[in-house]
Structures are given as structure tokens and as C-alpha cells.
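Protein chains in written order, with the numbering used here: chain A, 62 to 218; chain B, 62 to 218.
Glycine residues also receive a C-beta, built at the ideal position from the N, C-alpha and C atoms.
Below is one structure, written out as C-alpha cells; the observations come after it.
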DNA sequence: CTCCTAATTGCAAATGGTTTCCATTTCCAA
DNA sequence: TTGGAAATGGAAACCATTTGCAATTAGGAG
């Protein structure tokens, strides 16, 4: 039964308690949506889906929940340049495949890629270690993104 | 005379003409501000400085100019998470040192670093080549950023 | 199981960075 | 020098996100 631990407890309940956050219906729904979808949802998209599940959920809750999820590093927040933030589960019970993004600067399409990610992460880990010592900076995560024109946008001009 | 070519032509004039953009007083001033400053200016900061040089310049021009500069890849636009975009010259006549950023998720302070950048760029170049072929994506630039807590923020809790 | 209280929530209003409208001014090729 | 496209400024519009506040709820204490 992927996504759950024994006793029907969602895998993230413990983490919530650790942070002192309460487990509410709204938060369950939002996490569920993020877990089910595989990519890059905007707050509004999450709101729309959540709303069909439970019309009582307001936009404010979406934003506030996404905020604490980011703080907990359960969710990654991205800026792909289209004026709205995008959210993606950063991990899960069975482990989400670590990936990076290719962002089209013309149509804002985003492609996930995993090629070379291991190499990239290896190098970043070494860099991290070095920077942590040098700047006394406690690094929690990183971001790698490539920008350019996707096939469509490149052709149509 | 760094920053200029013969005849007093700023180094970026040719590039402007290539794109069909006109060279105006406002644009000269904005480029000048970016070239003089070494880091991460917001549109408002640029506006304030530009305004002291020539009070006729409006905010709109700042945004529009930064936009075409980004399109020309003369300027890099960053999101450090404080709700406003930051701009930085991406290159110059004498070559700006390529660097990446360490972003404090608590106070939004940004530290430039150049450690390992050569290695990073080497790997990224290989990755780029591979991704370009695989996804038919014409890559123009990349972004690497580390997030975490800076010395101050880490200590004060 | 019931209570109590701090945490959470929804709604509406406020925010604030960025974009758009449009009439006027400016650049620059011919 | 001149015509017309490009650029500009000020004000209004946009719109994703945040905030104020009163009502609701989760969940530990008893």
C-alpha cells in the first residue's frame, strides 16, 4: 500500500507532529493532490482540485499550507518565469526520483530530466561541503535549472 | 579605458543594433548603473539611482529596459525569494566573473561564490550537450543556486 | 470522553511588484 | 531634414499572494 504506513497513517504525519503542526482535513487533501500529481502545480491549480474535493477549502489555506510544507522541505517551490509559483513534492514514502528542470523561456514549458543528475548531485555535494565551511552557511537544498527554447518554440520562428 | 570601444561607443551598442533596438539616454543610464554596481539590483533600486541621474526616467522604462536586456541575455534576472526580481549584468567588455549564489532562506541575503564554478560549468556543458540532443531543446543559459541559513540567521536561533 | 486553548481557517480587503494604456516624444535611416 | 516606427512617462490596471479578524477545530490534559 504505497503512500501509507501501518495503521493508515499517512507517511508525513510524523513529520507534521515533529514540527508541531496539526493534521487537518485541508492539509490532508493538499498533500494528497501533490502526491497524486507528478508535477509543477500552481497554487490555483491545487485550489481548484481541492475545491472539488471539499468546497469549504479556501485559497488562503492553500497558500498557508504550501508555505509550511516548503518550510518543512516536504515541498519544493519553483519559479519558472510565468508569474506564479509552482509546487512539487520533494520526497515521498517511496522516494521521488530526483530531477532537475529544462524551462522554455518562450512558452514556459517545463521538462523534467534525470540525465546526469547523479553526477550533478555528486558535484553539488562536494561544493556544498566546501561552501558550508568557507561561508559558514548551513545549506539545505539546491536548485539547478536550464533555460532555452523548446522544440516547438525553436521551430516556429 | 575599460567598458568602451574606440570612438566612445559603449561595448553593447553593437549588440543593441543587432537586435534592432534603439540606443536611448534611458537605456544608457540603466546599463551604466548595472555595469557600475556589482550585484543583484532590484528594479526599484535601479529606478532610484537612475532617477537621481535623470529625473525624467520613469519606472516603466526601467522594467521595459530590463526586459529587453534579459531577452538579449545581457542581463540575468534572479528570484531570491523576497518577492522582487533582481538583475545582474551577465557579461561585460572585460568579462564578469562567472559565479553562482548562496541564498539565505531566512533573511534573503545572497552570497556570490566562484568555488567549483569551473567544475560545475564543465559538467553543465556536458549535460547541456546531452539534453540539447535528447529533448531538442536549445539551451541558452543555466541557473545554480544553493539555499540555506547564513551565519547570522543560523546562530540567532 | 469532555474541555480548553492555541492553532487553523475562510472571507474579504489590502498589498505591492509588474504590466498595460495611450498620448507624446525621440531615434535614426533614407 | 524628415517621416514613421520605436520608445517613453504617468496613471491606471493587473493579479498573485498576504493579512486582519472573527469563527471553527485539532488534540492534549484531566
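Residue i versus residue j: straight-line alpha-carbon distance, rounded
{"i": "residue 160 of chain B", "j": "residue 206 of chain B", "result": "10 Å"}
{"i": "residue 127 of chain A", "j": "residue 76 of chain B", "result": "42 Å"}
{"i": "residue 139 of chain A", "j": "residue 201 of chain A", "result": "15 Å"}
{"i": "residue 130 of chain A", "j": "residue 118 of chain B", "result": "42 Å"}
{"i": "residue 95 of chain A", "j": "residue 136 of chain A", "result": "9 Å"}
{"i": "residue 78 of chain A", "j": "residue 102 of chain A", "result": "25 Å"}
{"i": "residue 124 of chain B", "j": "residue 169 of chain A", "result": "20 Å"}
{"i": "residue 238 of chain A", "j": "residue 182 of chain B", "result": "The first residue shown for chain A is 62 and the last is 218, placing residue 238 of chain A beyond what the model contains."}
{"i": "residue 90 of chain B", "j": "residue 175 of chain B", "result": "29 Å"}
{"i": "residue 132 of chain A", "j": "residue 151 of chain A", "result": "12 Å"}
{"i": "residue 194 of chain A", "j": "residue 187 of chain A", "result": "11 Å"}
{"i": "residue 85 of chain A", "j": "residue 92 of chain A", "result": "11 Å"}
{"i": "residue 148 of chain A", "j": "residue 97 of chain A", "result": "13 Å"}
{"i": "residue 108 of chain A", "j": "residue 142 of chain B", "result": "22 Å"}
{"i": "residue 177 of chain B", "j": "residue 112 of chain A", "result": "46 Å"}
{"i": "residue 173 of chain A", "j": "residue 198 of chain B", "result": "12 Å"}
{"i": "residue 215 of chain A", "j": "residue 196 of chain B", "result": "12 Å"}
{"i": "residue 104 of chain A", "j": "residue 144 of chain A", "result": "12 Å"}
{"i": "residue 210 of chain A", "j": "residue 171 of chain A", "result": "10 Å"}
{"i": "residue 217 of chain B", "j": "residue 81 of chain A", "result": "21 Å"}
{"i": "residue 83 of chain B", "j": "residue 100 of chain A", "result": "41 Å"}
{"i": "residue 167 of chain B", "j": "residue 167 of chain A", "result": "32 Å"}
{"i": "residue 208 of chain A", "j": "residue 146 of chain A", "result": "17 Å"}
{"i": "residue 212 of chain A", "j": "residue 213 of chain B", "result": "45 Å"}
{"i": "residue 162 of chain B", "j": "residue 158 of chain A", "result": "25 Å"}
{"i": "residue 164 of chain B", "j": "residue 106 of chain B", "result": "19 Å"}
N-terminal and C-terminal residue of the alpha helix (DSSP H) that residue i is part of
{"i": "residue 198 of chain B", "result": "Note, residue 198 of chain B: premise wrong, no alpha helix (DSSP H); not H, not E."}
{"i": "residue 74 of chain B", "result": "74 to 80"}
{"i": "residue 89 of chain A", "result": "86 to 97"}
{"i": "residue 214 of chain B", "result": "212 to 216"}
Chain-order list of residues whose beta-carbon lies under 8 Å from that of residue i (same chain, five-residue window excluded)
{"i": "residue 203 of chain A", "result": "185 and 189"}
{"i": "residue 115 of chain A", "result": "86, 87 and 90"}
{"i": "residue 192 of chain A", "result": "198 and 200"}
Nonlocal neighbours in the same chain, by C-beta distance under 6 Å from residue i, ignoring five residues either side
{"i": "residue 87 of chain B", "result": "118 and 122"}
{"i": "residue 110 of chain B", "result": "94"}
{"i": "residue 120 of chain A", "result": "108"}
{"i": "residue 68 of chain A", "result": "Residue placement at residue 68 of chain A cannot be trusted, given a pLDDT of 49 that sits under 50; what the coordinates show is reported in the next sentence. No residues qualify anywhere along the chain."}
Close-in-space but distant-in-sequence residues of the same chain around residue i (CB under 7 Å, 5 per side omitted)
{"i": "residue 74 of chain B", "result": "84"}
{"i": "residue 134 of chain B", "result": "151, 201 and 202"}
{"i": "residue 62 of chain B", "result": "Low per-residue confidence applies at residue 62 of chain B: pLDDT is 44, beneath 50, and the placement is therefore not dependable, though the value from the model is reported in the following sentence. No residues qualify anywhere along the chain."}
Proximity test, residue i beta-carbon vs the ligand FMN heavy atom, cut-off 7 Å
{"i": "residue 98 of chain A", "result": "Summarising the ligand content, the structure contains no ligands, and the ligand FMN is consequently not present."}
Beta strand (DSSP E) runs wholly inside the region 114 to 194 of chain A, at least 3 long, in chain order: 136 to 140, 146 to 150, 161 to 165 and 171 to 174
Residues of the region 83 to 110 of chain B with a CB closer than 9 Å to any CB of chain A: list them in chain order, please. From the region 83 to 110 of chain B, no residue has a Cβ closer than 9 Å to chain A.
Looking at chain A, which residues of the region 185 to 210 of chain B have a Cβ within less than 9 Å of any of its Cβ atoms? 185, 187, 188, 189, 191, 192, 193, 195, 196, 197, 198, 199, 200, 201, 202, 203, 204, 205, 206, 207, 208, 209 and 210
Residues in the region 148 to 177 of chain A having any Cβ partner in chain B nearer than 8 Å: 163, 165, 166, 172, 174, 176 and 177
Along the region 118 to 141 of chain B, what residues have a CB closer than 7 Å to any CB found in chain A? 140
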